[in-house]
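Here the structure is laid out as structure tokens; the discussion comes afterwards.
Structure below.
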């Protein structure tokens, strides 16, 4: 209705004697000014209701407003909600009704009202008036429960005369534009608030991504994630459970849920309210566990399309549930967090690795420092040695020491363990041996002393396989005889002696591995005489146990038969040949233990 | 780098047995500075000071992480018959509290005095 026609009909009403009583005391224009002076929808609706009730002498009134369209509605359906009501209790407040075709004319809702209106007629509402602005139905006013002593029959009491109805129409028309503006303002305010909320979310995301990149401390990351979570959703119960890290942050007891850990991880691939869990047998138990733990929603933590963890959320303190948007937001910050947690793990691993590398470098340096820089010349003999440390740095040790009376002590050993601890133990052994050699004590006795010293000064799990011998190159011997080796083997791989005619002897005489227990039995001493062309081969298990990719060892048997084929060569060549043969065997597999070889040949 | 400071005061008018412990927040409370507020709460709670009033007069910004700190401690404080109340917020800071629904969870006062009176009324 245009303003012009509205004014025309107002004029008619003014001139009609029937409606005079409605208008004489009604400052209609004053009312118009009042409702149009504010954008407060609540105030406007309240004023209209009260004025209608006063003017028409009714005790019940309500107002319905059309709600914003929702995805759940069918096409053409309109939802109206009771925004305010007076005189009918609060049961109907916020009640929704659905109308396919919202009526544009006022109508009575006595007994014959369409079912949808019944609920209002039962509450005593008798007449419904549409609120129309720009030809669109904004909502409805309903009135009823008239008190009028002049009308005796109750049937008539509910009825409104056509003049009255027209008055209400005009009255509502005057208010309609104010209501329209009020609705628009309210919508704008809610849009603004939603926007503010989105801005806050973006700020939080930005801030977190900035902070998460700078923080590598896992505890701090989790705390920050937790605070943001609690602050943003207004809950103080949550738990973070990682796929391969267990429960890492917990303000909720997740133990009922953890029984189903694997299933939960495969179930929750997107944020989910516990109430929305698919209705399947498997999930029923999980759902019950969540409810027992007070978990209202679960959000997955994903990185590279893989669920790496979950966040369990307790109820929000302010009572409202989690909206899809809330969960999506938690999902975003959760994914930021999990990436940072992963990075922090990788970073710490890299540091650990660096530490290990540094330690290995130290171990290698110690070991290098212990091995002889050059080998002494032994009259009548040729000698060559090889030490090839593995990446891990094992505990191989060898030494060749000239004694004061012209003998040569050859020593080879394998210390248990790897890395720095093995190197340090090796240093100990070397120091002990070097300290004992000048005294020219019998080897067996010396071995017992070394054993006891090591046993007293190391843990029981530290031990050494050790072989040593004192070679006496005696030039006074008749031609063809080069000298004698007296030796003690303390649990080391038996060295080979391969004579010029191809006979192989193994040097096993001795006793227990060093460092395991105090020497109760004396070590036995062995002795072997060398003739020209005979050679002694000392080796560690790094040679005999060198493995190919299938785990096959090189073996002492292969070493022995290979040594026979190269026995005519000089020590340095023999060492190179063995090294090559071992390399052929492992065919590219990484070296897992130190390789040490000493070859001494009587020439 | 953003700057944030917490300082402590006590309000103990005569005749009031229950002291109100006032925290003055100053500056920018974001993800980076949140640990300071956490420490401040931990300190008061360790000293069994549960009547906590947070004066936000000089607080220029608060992020979700900052709000989370209040959530983290409120339960323990209320279990010990205390409360965390807030006062003197700038409209900008209040807007953030309001957006995230905090006025439903915490009492927020325009003025420190009103908040203290509320604490006193309780005792």
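Residue numbers (my numbering), protein chains in the order written: chain R, 1 to 603; chain U, 604 to 726.
Heads up, the beta-carbon is just placed ideally off N, CA and C, and yes, glycines get one too.
Using CA coordinates, which residue listed in the options is at the minimum distance from residue i?
i: residue 362 of chain R; options: R:589, R:392, R:381; result: R:392
i: residue 623 of chain U; options: U:633, U:614, U:720; result: U:614
i: residue 708 of chain U; options: U:715, U:663, U:671, U:625; result: U:671
i: residue 387 of chain R; options: R:404, R:368, R:378, R:379; result: R:368
i: residue 249 of chain R; options: R:239, R:260, R:258, R:256; result: R:239
i: residue 480 of chain R; options: R:201, R:171, R:601, R:517; result: R:601
i: residue 187 of chain R; options: R:159, R:132, R:68, R:281; result: R:68
i: residue 669 of chain U; options: R:78, R:226, R:49, R:523; result: R:226
i: residue 527 of chain R; options: R:556, R:500, R:484, R:540; result: R:484
i: residue 306 of chain R; options: R:543, R:381, R:339; result: R:339
i: residue 546 of chain R; options: R:598, R:536, R:559; result: R:559
i: residue 665 of chain U; options: U:724, U:678, U:637; result: U:637
i: residue 80 of chain R; options: R:516, R:118, R:474, R:137; result: R:137
i: residue 65 of chain R; options: R:139, R:57, R:78, R:41; result: R:139
Expressed to the nearest angstrom, what Euclidean distance is found between the alpha-carbon atoms of residue i and residue j?
i: residue 651 of chain U; j: residue 676 of chain U; result: 13 Å
i: residue 534 of chain R; j: residue 503 of chain R; result: 9 Å
i: residue 680 of chain U; j: residue 704 of chain U; result: 20 Å
i: residue 525 of chain R; j: residue 586 of chain R; result: 36 Å
i: residue 412 of chain R; j: residue 591 of chain R; result: 20 Å
i: residue 298 of chain R; j: residue 198 of chain R; result: 22 Å
i: residue 86 of chain R; j: residue 141 of chain R; result: 11 Å
i: residue 427 of chain R; j: residue 418 of chain R; result: 13 Å
i: residue 261 of chain R; j: residue 631 of chain U; result: 40 Å
i: residue 105 of chain R; j: residue 124 of chain R; result: 20 Å
i: residue 296 of chain R; j: residue 639 of chain U; result: 31 Å
i: residue 478 of chain R; j: residue 593 of chain R; result: 42 Å
i: residue 84 of chain R; j: residue 326 of chain R; result: 30 Å
i: residue 190 of chain R; j: residue 172 of chain R; result: 25 Å
i: residue 717 of chain U; j: residue 689 of chain U; result: 10 Å
i: residue 472 of chain R; j: residue 406 of chain R; result: 7 Å
i: residue 489 of chain R; j: residue 580 of chain R; result: 27 Å
i: residue 511 of chain R; j: residue 266 of chain R; result: 60 Å
i: residue 209 of chain R; j: residue 126 of chain R; result: 60 Å
i: residue 273 of chain R; j: residue 285 of chain R; result: 15 Å
i: residue 454 of chain R; j: residue 514 of chain R; result: 7 Å
i: residue 128 of chain R; j: residue 29 of chain R; result: 23 Å
i: residue 331 of chain R; j: residue 91 of chain R; result: 38 Å
i: residue 468 of chain R; j: residue 588 of chain R; result: 32 Å
i: residue 59 of chain R; j: residue 147 of chain R; result: 7 Å
i: residue 598 of chain R; j: residue 420 of chain R; result: 24 Å
i: residue 101 of chain R; j: residue 43 of chain R; result: 28 Å
i: residue 458 of chain R; j: residue 519 of chain R; result: 15 Å
Closer than 7 Å, CB to CB, is residue i near chain R or not?
i: residue 674 of chain U; result: yes
i: residue 666 of chain U; result: yes
i: residue 647 of chain U; result: no
i: residue 610 of chain U; result: no
i: residue 678 of chain U; result: yes
i: residue 708 of chain U; result: yes
i: residue 662 of chain U; result: no
i: residue 656 of chain U; result: no
i: residue 716 of chain U; result: no
Using a C-beta cutoff of 7 Å, does residue i count as contacting chain U?
i: residue 253 of chain R; result: no
i: residue 318 of chain R; result: yes
i: residue 234 of chain R; result: yes
i: residue 315 of chain R; result: no
i: residue 328 of chain R; result: no
i: residue 249 of chain R; result: no
i: residue 262 of chain R; result: no
i: residue 211 of chain R; result: yes
* Asked: Fully enclosed by the stretch 305-354 of chain R, which beta strand (DSSP E) runs are 3 residues long or longer?
  -> 306-314
* Asked: Going along the stretch 685-706 of chain U in order, which residues come within less than 8 Å of chain R, judged by CB to CB distance?
  -> 698, 699, 702, 703, 704, 705
* **chain R contacts from the stretch 628-639 of chain U (Cβ-Cβ distance under 7 Å)** => 633, 634, 635, 637
* Asked: According to a CB-to-CB cut-off of less than 8 Å, which residues of the stretch 180-207 of chain R neighbour chain U?
  -> 193, 196, 197, 200, 203, 204, 207
* Which runs of the beta strand (DSSP E) fall wholly inside the stretch 445-498 of chain R and span at least 3 residues, in chain order? -> 464-473, 481-490, 496-498
* According to a CB-to-CB cut-off of less than 8 Å, which residues of the stretch 218-230 of chain R neighbour chain U? -> 220, 223, 224, 226, 227, 228, 229, 230
* To do: Could you pull out every unbroken beta strand (DSSP E) segment of at least 3 residues lying fully inside the stretch 35-104 of chain R, listed in chain order?
  => 58-66, 78-86, 96-99
* To do: Counting only runs of 3+ residues fully inside the stretch 381-452 of chain R, write out the beta strand (DSSP E) ranges in chain order.
  => 381-388, 396-402, 408-415
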